[in-house]
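The structure appears below as structure tokens.
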């Protein structure tokens, strides 16, 4: 998708739509709503992750792209690892719903940061 419409639009749409999905999860009233929201988050992830790697690849010289792929993968794994501990700390002191609100706020901040950096993208 991002090869046709550019890198900026898919990643920002993915982040901003995930804000709504994360914020709605604590308020679901039925199982089908949770399944639907998880599906929406899956589509958002498909928009965000490959595009983030493509943006990084375009920003680097050809000779550095192989090692950059490893760094990208390491950072994705590190984010998942830190996320587990951060969310565990939140749940230790607050209701579990706060995990989703925190994810919504973090996604919103990331999306707004990317909007502010729009000039760095090949739109």
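Residue numbers (my numbering): 28 to 150.
All C-beta atoms, glycine included, are put in the ideal place defined by N, C-alpha and C.
Is residue i near the ligand HEM, in the sense that its beta carbon is under 6 Å from a heavy atom of that ligand?
i           : result
residue 133 : Summarising the ligand content, the structure contains no ligands, and the ligand HEM is consequently not present.
Excluding five sequence neighbours on each side, which residues of the same chain lie with their C-beta closer than 6 Å to the C-beta of residue i?
i           : result
residue 135 : 46
residue 53  : 124, 127
residue 31  : none
residue 92  : 84
residue 100 : none
residue 108 : none
For a test of the three-state rule: what should DSSP assign to residue i, helix, strand or coil?
i           : result
residue 144 : coil
residue 56  : coil
residue 132 : helix
residue 92  : helix
residue 122 : coil
residue 31  : helix
residue 87  : coil
For residue i, is the classification buried or exposed, using 16 other Cβ atoms within 10 angstroms of its Cβ as the cut-off for buried?
i           : result
residue 73  : exposed
residue 79  : buried
residue 58  : exposed
residue 122 : exposed
residue 64  : buried
Measure the beta-carbon distance from residue i to residue j and round it to whole angstroms, keeping in mind my assumption that it falls under 8 Å.
i           : j           : result
residue 138 : residue 28  : Contact doesn't hold; Cβ gap of about 17 Å is too wide.
residue 71  : residue 41  : 4 Å
residue 148 : residue 76  : The pair is not a contact, with the Cβ atoms about 16 Å apart (cut-off 8 Å).
residue 119 : residue 50  : Contact doesn't hold; Cβ gap of about 22 Å is too wide.
residue 133 : residue 117 : So it is not a contact: roughly 11 Å between Cβ atoms.
residue 61  : residue 55  : 5 Å
Suppose the cutoff is 8 Å on Cβ atoms and the five residues either side in sequence are ignored; what does the same chain contact list for residue i look like?
i           : result
residue 142 : 39
Contact between the stretch 44–62 and the stretch 81–96 (3+ Cβ pairs under 8 Å): no
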